[in-house]
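So the protein sequences, as listed, match chains A and B. Mind the numbering: the first sequence is residues 1 to 334 in the UniProt record's numbering, read in order. Mind the numbering: the second sequence is residues 1 to 334 in the UniProt record's numbering, read in order. Glycine included, each C-beta is placed from N, C-alpha and C at the ideal position. Note that the structure is a prediction, hence the values are computed from the model and not measured.
There are 2 protein chains.
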Amino acid sequence: MTHDRAPTLDDVARAAGVHKATASRALNPATRDQVRAETARRITVAARRLGYVPNTIARGLRTSRTAAVGVLIPDLTNPLFPPIVRGIQDRLEQNGYTALLVNTDGDEARERAEFAALRSRRVEGFIVATARRRHPLLTEAVREQISFVTVNRSVELPGVPAVVGDDADGVTQAVAHLRSLGHTRIAHLAGPQDLSTGAVRLRAFQHAAPSSPVVECAAYTEAAGRTAAGHLFEHFADTTAIVAGNDLIALGALAVICARGRSCPRDVSVVGYNDMPFADRFRPPLTTVHVPHHEMGAQGAQLLLERLRDPGSPARTVLLPARLTVRGSTAPVR
Amino acid sequence: MTHDRAPTLDDVARAAGVHKATASRALNPATRDQVRAETARRITVAARRLGYVPNTIARGLRTSRTAAVGVLIPDLTNPLFPPIVRGIQDRLEQNGYTALLVNTDGDEARERAEFAALRSRRVEGFIVATARRRHPLLTEAVREQISFVTVNRSVELPGVPAVVGDDADGVTQAVAHLRSLGHTRIAHLAGPQDLSTGAVRLRAFQHAAPSSPVVECAAYTEAAGRTAAGHLFEHFADTTAIVAGNDLIALGALAVICARGRSCPRDVSVVGYNDMPFADRFRPPLTTVHVPHHEMGAQGAQLLLERLRDPGSPARTVLLPARLTVRGSTAPVR
DNA sequence: CTGAAAGCGCTTACAG
DNA sequence: CTGAAAGCGCTTACAG
């Protein structure tokens, strides 16, 4: 990166008139007290003067501790993930760790390739936001004793730490809210059932509103929400309220309601899920279940860090509270 | 990460009955033809059987090529940056590189610390989305011949490659659009003037609408936009159109317009800048200048990659086209 | 308290 | 075409 080779520990040692082993000890806070204070000071000064930057790569090779973890997400441009990633980064950084972030776009082959690339960079563990309920790659990872935790979604595998939102409670709150507004014809636009969030939210909906219409969306996207909402209104035209699998699906539903010449919340109320950024600025402002995404990321990082420190510790699952946030997309039934 | 030590090149070599140097050559596509085809095959099979994953760290130490670059952004949860980062990641990945992403939160000390940490991880160069017009850290980086490019914003330093939007043209389009709607009392809520985007957009505005009101915002945030819009209406209550420094500032202006009992676009038209995700779903849907952020990131990565390949190549600046996107927040003057 | 030596897992000029 | 050796920049048990 620079023309004249970056200074090494040996350069510093020579400048301070000591052996590089001593320089190493002086510069590492954990071993600094093994060297005479005056010597240590001389070394520190020399290091600063030369602009010495320790080579983390070399240290990692020697100690096999890279202070890096891999983070798998579906797609950074999905508004759900930036706050989660930020939470991960913040907590990791507090502990001197770095995140290596990759997008899988929901593509299994791509995920495998990225996973291998991250392993070749010797990350110490993984934070996985791409978990599916059945997940061959993660099954193998467990078998190979690779440290990882999942966030937002969980995998149906014992012994995997996870941080998830209390989706069952969130959906229950959403249904109760709609009921309190007088709605009785409530439908669910369910998320993909191969994801834990999709399955848990659907089950909670069925429990809260037995024998109500359900249409499954192919993905957590606006387009999928639009398709599903189309089907819903074809078969259940008298629906007055929708619990959407997430905010993007809700956006799709909103578009369909509008396209059919009806209005939200006057004719149909809609509740989203996640409280994505700027959901309060939408037209109409979206009533939705808030999930603490930054906290989710931070706790996920915390769990992994604990795992790395003590691989034998029991796998914890952290359930984060969901909170219904009432805005303009829900109103009393007419 | 696993209990039984991960297999090394030496393990593979032994399994295949060759020297590790030969195994190295066989497994590296660039040197594979230096070894007899049959031998190479045997080695490949052994590698796969053992589940060998090359140690990028060790390779990096030996070759001093880490295939990693540092990416500096203000804050990942600012909706401007995910598409830029995604563009960077995508292009980098195509070239076998990885991005190490850090947030600075606009804090200079933090930026310095992160920069040093990234250097200690021996990134080969930097993609900087945090550039200020005067930027001591970047000035030093130039002096130390560190490879870097800026994206979105530029630094007033010669020889630094940059990818920026055509902000002057974007603002010119915005003003022309408002003029065509009959507006004559047009104001600018300018971005921070220590950033190139803030300065360029302001200059273009002053050129397009000489002696029109301008209020500078302290930051590219909704809160700053609210404050600035408050000042604007205090002094220029008859303003009928606003060109906002960016979409977040526009959102602040919208809130103030509403709070003053007036309505957008009926009483005041507002044009944003950036076309942030979901700007079309806002109330009202935001007329704004679209900037190709994914492309911006991709080109930034491309520029850096070229720089790394040929450090002597001249510093290019790429100007990406801006395109006014008319939606619901602008209307004919009453 | 400090030094000398070994070694982390690779790659690559140098021999043969 | 393959092997033996050196070395990338560190850390750390082992001596002294």
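Quiz item: Taking all protein chains shown into account, do 16 or more other C-beta atoms lie within 10 angstroms of the C-beta of A/ASN152, making it buried, or fewer, making it exposed?
Solution: buried
Self-check item: the ligand NAD heavy atom lying under 7 Å from the CB of A/GLY17
Solution: As far as ligands go, the structure on display features none, and thus does not contain the ligand NAD.
Quiz item: Opposite A/GLU216 in the DSSP bridges: which residues?
Solution: A/ALA190
Quiz item: Any C-beta of chain A sitting closer than 8 Å to the C-beta of B/VAL53?
Solution: yes
Quiz item: How big is the Cα-Cα spacing for A/ASN274 and A/LEU9?
Solution: 49 Å
Quiz item: By the 10 Å Cβ neighbour count, where 16 or more other Cβ atoms means buried, how is B/GLN89 classified, buried or exposed?
Solution: buried
Exercise. Answer yes or no: does any C-beta atom of chain B fall closer than 8 Å to that of A/GLY60?
Key: yes
Quiz item: So what does DSSP say about A/ARG323, is it helix, strand or coil?
Solution: Correct three-state label for A/ARG323: strand.
Quiz item: beta strand (DSSP E) containing B/GLY272: first to last residue?
Solution: 269–274
Exercise. Could you name the residues of the same chain whose beta carbon sits closer than 7 Å to that of B/MET1, not counting the 5 residues immediately before and after it, in chain order?
Key: With a pLDDT of only 39 at B/MET1, under 50, the local geometry of the prediction cannot be trusted, and the value read off the model is given with reservation. The answer is none, since no qualifying residue turns up.
Quiz item: Measuring CB to CB, does B/ALA23 end up less than 8 Å from B/ALA16?
Solution: yes
Quiz item: What's the gap between the Cα of B/VAL123 and the Cα of B/SER147?
Solution: Pairing B/VAL123 with B/SER147, the inter-Cα distance amounts to about 10 Å.
Self-check item: A/VAL175 at chain B interface by Cβ criterion, 8 Å
Solution: no
Quiz prompt | Spatial neighbours of A/THR139 in its chain, beta-carbon cut-off 7 Å, leaving aside the 5 residues before and after | solution = LEU157
Exercise. For B/GLN173, count neighbouring Cβ atoms within 10 angstroms of its own Cβ and tell me buried if that reaches 16, exposed if not.
Key: buried
Quiz item: Where does B/LEU304 sit, in a helix, a strand or coil, going by DSSP?
Solution: helix
Quiz item: Using 8 Å as the Cβ pair cut-off and three pairs as the minimum, do the region 182–202 of chain B and the region 309–318 of chain B touch?
Solution: no
Quiz item: In this structure, does DSSP put B/PHE278 in helix, strand or coil?
Solution: It is coil, neither helix nor strand.
Exercise. Inspect the CB distances between the region 94–103 of chain B and the region 66–80 of chain B and report whether three or more fall short of 8 Å.
Key: yes
Self-check item: Neighbour list for A/VAL69 in chain B, Cβ cutoff strictly below 7 Å
Solution: Chain B residues near A/VAL69: none, gap ~11 Å exceeds 7 Å.
Quiz item: Residues in the region 183–203 of chain B with C-beta within 7 Å of chain A's C-beta atoms, listed in sequence order?
Solution: none
Quiz item: I think residue 338 of chain B touches B/ASP247, with their Cβ atoms under 8 Å apart; what is that distance to the nearest whole Å?
Solution: For chain B, the structure presents residues 1 to 334; residue 338 of chain B sits outside this window and is missing.
Exercise. Sort A/GLU234, A/THR221, A/GLU222 by Cα distance to A/VAL214 and report the nearest one.
Key: When C-alpha distances from A/VAL214 are compared across A/GLU234, A/THR221, A/GLU222, the shortest belongs to A/GLU234.
Exercise. Look at the alpha carbon of A/GLY60 and the alpha carbon of B/PHE115, and state the distance between them as a whole number of angstroms.
Key: 19 Å
Self-check item: Cβ of B/ILE57 within 8 Å of any chain A Cβ
Solution: yes
Quiz item: Touching or not, the region 124–135 of chain A and the region 279–290 of chain A, by the rule of three or more beta carbon pairs under 8 Å?
Solution: no
Exercise. Find out if the Cβ-Cβ distance for the pair B/GLY170, B/ALA298 is shorter than 8 Å.
Key: no
Self-check item: Exposure of A/CYS264, with buried meaning 16 or more beta-carbon neighbours within 10 Å
Solution: buried
Practice problem: Tell me whether B/HIS235 sits in a helix, a strand or coil according to DSSP, three-state version. | Solution: helix
Quiz item: Would you say the region 291–307 of chain B touches the region 159–169 of chain B, given that touching needs at least three Cβ pairs under 8 Å?
Solution: At 8 Å Cβ cutoff, the stretches touch.
Quiz item: If you run the structure through DSSP and keep just helix, strand and coil, what is A/GLY165?
Solution: strand
Quiz item: Listed from N- to C-terminal order along the chain, which residues in the region 105–135 of chain B have their beta-carbon within a distance smaller than 9 Å of any beta-carbon of chain A?
Solution: GLU114, ALA116, ALA117, LEU118, ARG119, SER120, ARG121, ARG122, VAL123, GLU124, GLY125
Quiz item: Hey, does residue 335 of chain A have any beta-carbon neighbour from chain B nearer than 8 Å?
Solution: A question about residue 335 of chain A goes unanswered here, because the residues of chain A that appear run from 1 up to 334.
Quiz item: When you compare only the Cα positions, how much space is there between B/VAL18 and B/PRO29?
Solution: 18 Å
Quiz item: Can you find a CB in chain B that lies within less than 8 Å of the CB of A/THR77?
Solution: Cβ-Cβ to chain B under 8 Å: yes for A/THR77.
Practice problem: Drop a sphere of 10 angstroms on the beta-carbon of A/THR184, count the other beta-carbons inside from all chains shown, and report buried for 16 or more, exposed for fewer. | Solution: Per the 10 Å Cβ criterion, exposed.
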